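Engineer: This structure is in structure tokens; I'll ask about it shortly.
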Amino acid sequence: MDYHDQFLRAAAEQGVRRDEAARYADLVLRFRIRAGAGPDGVRAGRFGGLPHLPADIAWPCIRPGVPLPYLAAVDCAALPRIAGFALPAGGSLLFFLSPEAAMSSCSIPEEQQFARVVHVPAGAVTTPTGPPDDDCDDEPLTGPEHDLYARVEPDLPDWLEQSPEFLTDLEKQLTHDIPGMAQLTAVVDRLWPGRVPWIEDDLLVGGYSVSAQNSPETILAEDSSEEAVLREWVALAQFAAPHEEYVNGRFLIRHEDLAAGRFDQALSFCEFTE
175 MDYHDQFLRA AAEQGVRRDE AARYADLVLR FRIRAGAGPD GVRAGRFGGL PHLPADIAWP
235 CIRPGVPLPY LAAVDCAALP RIAGFALPAG GSLLFFLSPE AAMSSCSIPE EQQFARVVHV
295 PAGAVTTPTG PPDDDCDDEP LTGPEHDLYA RVEPDLPDWL EQSPEFLTDL EKQLTHDIPG
355 MAQLTAVVDR LWPGRVPWIE DDLLVGGYSV SAQNSPETIL AEDSSEEAVL REWVALAQFA
415 APHEEYVNGR FLIRHEDLAA GRFDQALSFC EFTE
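Just so you know, my numbering puts the end of the sequence shown at 448, numbered straight through with nothing missing.
So this is what it looks like as structure tokens:
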């Protein structure tokens, strides 16, 4: 289903100009997958347990003798499709992260050694794989296992609810260029009521980053324009880090790297939320 087309039809029924609604759909409205333990949606992954790895893919390590904690896996073939979000058609994505080490990093480049996204190709023969010996043994490498059930939901940027004086130049420009912003947001909420902005206990795939402090998009915009970051980057996966209070794991990736399957280019932006 093309959710953006569904939105555009509903906006037209409300009398909103097509070009204005299209700009909102292009630069403001995103969709993401929320995968949680509840029964809603399709079974599309697991949180915790052991990773299912083929023989030729080793458990990722920070360095020899220091394996990364394994957090979750999603089944790409089972995940709902979202137009413009080029997940692999098959295989699985596995997420490894050391929240404690990532939070202690002095920079985003330094943080990357403490996080990995692994794509296991479709058709690969896999087995549940235990972690290698851990010389440090300072944090759990696995956690309790439960299935994840996925559904699609709309996602809107936090700045829509901010006062004008706190908006960036791009956000002010979008507000000016889309005078029906509030009406269009109301269309989203009528089509998909009960929108939840936070991660909670779920795993989010796609959409914007969820941020209590500076967003990854803001950090990336220090070396690029806001609009370029908005168009080029997307949140790949976000989740509350197990065994850690008030810590969220977040992976962002460029759309072109996602489409090409270059998951080694995903960036980790772990965040303390309090």
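Yeah, the Cβ is synthetic: ideal placement off N, Cα and C, and Gly gets one too.
As the structure is a computational prediction, the values presented were derived from the model and not from experiment.
Threshold first: 4 residues or longer. Then list the alpha helix (DSSP H) segments lying entirely within the stretch 185 to 232, N to C.
Structural biologist: Listed in chain order, they are 192 to 201.
Engineer: So, under 8 Å CB-CB, residue 443 and residue 424 are touching, yes? Tell me the CB distance rounded to an integer number of Å.
Structural biologist: Along the sequence shown, read from residue 1 onward, the residue named residue 443 stands at position 269. Along the sequence shown, read from residue 1 onward, the residue named residue 424 stands at position 250. At roughly 5 Å, the Cβ-Cβ gap stays under 8 Å, so residue 443 and residue 424 are in contact.
Engineer: Per DSSP, residue 241 is paired with what?
Structural biologist: Residue numbering aside, residue 241 sits at position 67 when the sequence shown is read from its first letter. Beta-bridge pairing links residue 241 to 235.
Engineer: Suppose you measure from the CA of residue 367 to the CA of residue 327; what does that come to, to the nearest Å?
Structural biologist: Taking the sequence shown and counting its residues from 1, the one referred to as residue 367 is at position 193. Taking the sequence shown and counting its residues from 1, the one referred to as residue 327 is at position 153. Rounded to the nearest angstrom, the two C-alpha atoms are 9 Å apart.
Engineer: By the DSSP assignment, the alpha helix (DSSP H) with residue 318 in it spans what residues?
Structural biologist: On the sequence shown, position 144 is the one that residue 318 refers to. Segment: none, residue 318 is in no alpha helix (DSSP H) and carries neither H nor E.
Engineer: Would residue 226 and residue 199 be called neighbours here (beta carbons separated by less than 7 Å)?
Structural biologist: As a working mapping, residue 226 is identified with position 52 in the sequence shown. As a working mapping, residue 199 is identified with position 25 in the sequence shown. Contact: no.
Engineer: DSSP state of residue 269, grouped into three classes?
Structural biologist: Residue numbering aside, residue 269 sits at position 95 when the sequence shown is read from its first letter. Looking at residue 269 - three-state DSSP - the assignment turns out to be strand.
Engineer: Who are the Cβ neighbours of residue 299 in its own chain at under 8 Å, not counting the five residues just before and after it?
Structural biologist: Working through the sequence shown from its first residue, we reach residue 299 at position 125. Same-chain partners within the cutoff: 228, 229.
Engineer: Are residue 274 and residue 313 closer than 7 Å when you measure CB to CB?
Structural biologist: On the sequence shown, residue 274 is found 100 positions in, with the first residue counted as 1. On the sequence shown, residue 313 is found 139 positions in, with the first residue counted as 1. Contact flag set, yes.
Engineer: Report back the beta-carbon spacing between residue 202 and residue 357 to the nearest angstrom; my notes put them in contact at under 8 Å.
Structural biologist: Position 28 of the sequence shown, counted from the start, is the residue given in the question as residue 202. Position 183 of the sequence shown, counted from the start, is the residue given in the question as residue 357. Going by Cβ atoms, the distance from residue 202 to residue 357 rounds to 12 Å, so no, they are not a contact pair.
Engineer: What are the boundary residues of the alpha helix (DSSP H) that residue 283 is part of?
Structural biologist: The sequence position of residue 283 within the sequence shown is 109, counting from 1. First-last of the alpha helix (DSSP H) with residue 283: 282 to 285.
Engineer: Leaving out the 5 sequence neighbours to the left and right, which residues in its chain are closer than 6 Å to residue 436 when beta-carbon positions are compared?
Structural biologist: Taking the first residue of the sequence shown as 1, we reach residue 436 at position 262. Contacts found: none.
Engineer: Cutting at 6 Å between CB atoms, please list the residues of its own chain near residue 418, excluding the five before and the five after it.
Structural biologist: In the sequence shown, the residue the question calls residue 418 occupies position 244. Excluding sequence neighbours, residue 418 sits near 273.
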